[in-house]
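For reference, the structure is listed below as structure tokens.
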Amino acid sequence: MKKFKIIIITGISGSGKSIAIAAFEDAGFYCVDNMPVELLPKFLDLPVKSNSEIKGLAFVMDLREKNFLSSYQAIFEELKQNGYQFEVLFLDAQENILLKRYSQTRRHHPLTQGKQPLLEGIREEKKLLEPLKAFSSHIIDTSDYNIHDLKSVIFNIAQHSIESMQMQIQILSFGFKHGIPHNADMIMDVRFLKNPYFVTSLKNLDGKNEEVRDYVLNDDATRAFIEKFWGLIDFLIPLYRNEGKAYLTIAVGCTGGVHRSVVIADALFHHIGESGKTIHITHRDIDIKT
Numbered sequence: 059m060k061k062f063k064i065i066i067i068t069g070i071s072g073s074g075k076s077i078a079i080a081a082f083e084d085a086g087f088y089c090v091d092n093m094p095v096e097l098l099p100k101f102l103d104l105p106v107k108s109n110s111e112i113k114g115l116a117f118v119m120d121l122r123e124k125n126f127l128s129s130y131q132a133i134f135e136e137l138k139q140n141g142y143q144f145e146v147l148f149l150d151a152q153e154n155i156l157l158k159r160y161s162q163t164r165r166h167h168p169l170t171q172g173k174q175p176l177l178e179g180i181r182e183e184k185k186l187l188e189p190l191k192a193f194s195s196h197i198i199d200t201s202d203y204n205i206h207d208l209k210s211v212i213f214n215i216a217q218h219s220i221e222s223m224q225m226q227i228q229i230l231s232f233g234f235k236h237g238i239p240h241n242a243d244m245i246m247d248v249r250f251l252k253n254p255y256f257v258t259s260l261k262n263l264d265g266k267n268e269e270v271r272d273y274v275l276n277d278d279a280t281r282a283f284i285e286k287f288w289g290l291i292d293f294l295i296p297l298y299r300n301e302g303k304a305y306l307t308i309a310v311g312c313t314g315g316v317h318r319s320v321v322i323a324d325a326l327f328h329h330i331g332e333s334g335k336t337i338h339i340t341h342r343d344i345d346i347k348t
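For the sequence shown, my numbering begins at 59 and goes up steadily by one.
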């Protein structure tokens, strides 16, 4: 689940968290209300099939869970160390607005339960949540928002979170004798692989041809190379993304850009594409048969 952006929705009771999670759900997030913070790492370890409809994960966590305040710091730090990307969205509101909302809904405040006046419960909760508020990525005072305005603001945050996770990956095959692509972030030279150009029946074909593809991919050296290269790519892509890189171009080059580089670039395209990442491919020199 590390490919998904994780949003922790928290804040003052009555500030609009139920509206916020509805907005995230509308944006395509998988949402869980009142998620126990101690179960979060276990939930994120669950194996899930790639689902292009899920844009991210959103969890509401607050004082309804007794262990939330004592546990969230250690667990959030653990998630960061394990490579998960998450943001904390904190909702707040003015005391008079919260009092009005509670009078309208007739709900019980989680810290009062009839044991103390509502205003005291609100003030106690604000004090308890002050460290979490300071830790949060987004703080929204919902006092002046109606339901529709708040949902619109939250929906925009959700969309921005989705866009910030999407890095455009471009795969490019090329021939060294036609020049190195200067816009490439990474260049892999595959001229060490067996060259179909020197096989009479394959010379005038290109890397899109099945016979050429089989010739290149079925070699032991190619298999060993692909295992190591794919591992490097899988390691680097999340690091580039975490640095906020919007575009990543990976160039694969052989002598003419017609055979080996095309085969390997296509194979890399399909490998990366299996994870649901936004990816494009261009064969720059495939039509230059000289």
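We treat Cβ as the ideally placed atom computed from N, Cα and C, and that holds for glycine.
Cα-Cα separation, residue i to residue j
i	j	result
Leu260	Pro296	37 Å
Ser333	Gly311	24 Å
Lys100	Gln143	16 Å
Phe193	Glu135	12 Å
Lys209	Val118	15 Å
Gly331	Tyr203	41 Å
Glu319	Pro105	Contrary to the premise, residue 319 reads as Ser rather than Glu in this sequence. Going from the Cα of Ser319 to the Cα of Pro105 covers about 34 Å.
Phe232	Met225	22 Å
Glu183	Gln174	13 Å
Ile229	Pro239	12 Å
Gln139	Arg299	16 Å
Val90	His166	21 Å
Phe234	Asp278	24 Å
Thr313	Ala242	17 Å
Met93	Val270	53 Å
Beta-bridge partners of residue i, as assigned by DSSP
i	result
Gln226	Tyr305
His218	Paired residue(s): none; His218 is not in a bridge.
Gly69	Leu149
His338	Gln228
Val90	Phe117
Gly311	Phe232, Asp247
Ile197	Phe148
Lys389	Because residue 389 is not part of the residues shown, which for the chain are 59 to 348, the question remains open.
Ile64	Leu115, Phe144
Contact belief for residue i with residue j at Cβ below 8 Å, rounded distance in angstroms
i	j	result
Gly72	Arg164	Incorrect: roughly 12 Å between the Cβ atoms, too far for contact.
Ile346	His236	6 Å
Ala78	Leu121	Between Leu121 and Ala78 the Cβ distance is about 16 Å, and since that is not below 8 Å, they are no contact.
Ile112	Tyr130	Wrong, their Cβ atoms sit about 24 Å apart, outside the cutoff.
Ile198	Lys191	That belief does not hold up - the Cβ atoms of Ile198 and Lys191 are roughly 11 Å apart, past 8 Å.
Lys75	Leu177	Between Leu177 and Lys75 the Cβ distance is about 20 Å, and since that is not below 8 Å, they are no contact.
Glu145	Ile65	6 Å
Pro254	His341	So it is not a contact: roughly 15 Å between Cβ atoms.
Ala151	Ile245	No, Ala151 and Ile245 are not in contact; Cβ-Cβ is about 53 Å, not under 8 Å.
Asp272	Ile344	Wrong, their Cβ atoms sit about 18 Å apart, outside the cutoff.
Heavy atom of the ligand COA within 8 Å of residue i beta-carbon
i	result
Arg281	Judged by which ligands are present, the structure shown has none, so any question about the ligand COA falls away.
Sufficient close CB pairs (3 or more, under 8 Å) joining the segment 321-336 to the segment 288-295
In short, these stretches touch, since the Cβ pair count reaches three.
With a cut-off of 8 Å, do at least 3 Cβ pairs link the segment 205-217 to the segment 266-285?
no
Runs of beta strand (DSSP E) lying entirely within the segment 111-175, each at least 3 residues, in chain order
114-118, 144-150
Fully enclosed by the segment 231-278, which beta strand (DSSP E) runs are 3 residues long or longer?
244-247
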